[in-house]
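Enquirer:
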Amino acid sequence: MRANNYPLWLNRAIFCIAFFAAACGNSPASNESVVTKELLFDKFIGTWQIPAVNGFERWTKKDDGSFITIGFSIKGNDTSWNENGRVYPEAGIWVFENTVKGQNDEKAIKFIASIFTDSMVQFSNPAHDFPTDINYSFVDNNRIHAFIFGPNDKGGKDTIHFEFKRVK
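For the record, in the sequence shown the residue sitting at position 132 is 1571 according to this note's numbering, with numbers rising by one throughout.
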């Protein structure tokens, strides 16, 4: 017995419309979500320094909306290029592909954005040996607290922290 006086076909039509509207409106692949998250990455643009080790990361934005990051260190007059990364949306999900000098046969490792707020992003790849997670958190417009973490050889987890300050 139906609780209302609408024809059965109308009840089904209303249900289908409501179902599809809800499903489409909550899609993580929506363009609005990608654009909103791109605004966080815009804050990264510039050169960031880790004063304790004279290490740097330089972030730039490409015309296609992706971001490039280059990690390097300076010792005297020598500049050592340590890593290259690319951040881009793929099927509505932000991806961080990173290549670290001397690791993984110089091949890029893909991490997927797993946590995202207006001031923090965490990328994860549980299949990678170390790190499994990379986290960037804005302290303010001129400081970033970053850390990487993952399993160690003793069955625990290791975390390495990086304190960046904007230099450009």
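Ideal Cβ positions, reconstructed from N, Cα and C, are used throughout, including at glycine. On a predicted model such as this, the values are computed, not experimentally measured, just so you know.
Tell me which residues share the same chain as F1511 and place their Cβ nearer than 7 angstroms to its Cβ, disregarding the 5 neighbours each side in the sequence.
Expert: F1495, T1518, S1519, W1520, N1521
Enquirer: Taking just the CA atoms, how far does Q1561 sit from G1541?
Expert: Roughly 24 angstroms between the two C-alpha positions.
Enquirer: What is the DSSP secondary structure of F1569, counted as helix, strand or coil?
Expert: coil
Enquirer: Taking 7 angstroms as the limit between beta carbons, can you name the residues of its chain near P1490, skipping five residues before and five after?
Expert: K1604
Enquirer: Would you mind stating whether F1588 and K1482 have Cβ atoms separated by less than 8 angstroms?
Expert: Against a cut-off of 8 angstroms, the Cβ pair of K1482 and F1588 comes out as no contact.
Enquirer: Go through its chain and collect everything with a Cβ distance to K1501's Cβ below 8 angstroms, but skip five positions before and after it.
Expert: I1507
Enquirer: Is the CB-CB distance between I1394 and F1535 below 8 angstroms?
Expert: Residue 1394 lies beyond the stretch modelled for the chain, which goes from 1440 to 1607, so this question has no answer here.
Enquirer: Check this for me: beta carbons of I1583 and W1487, under 8 angstroms apart or not?
Expert: yes
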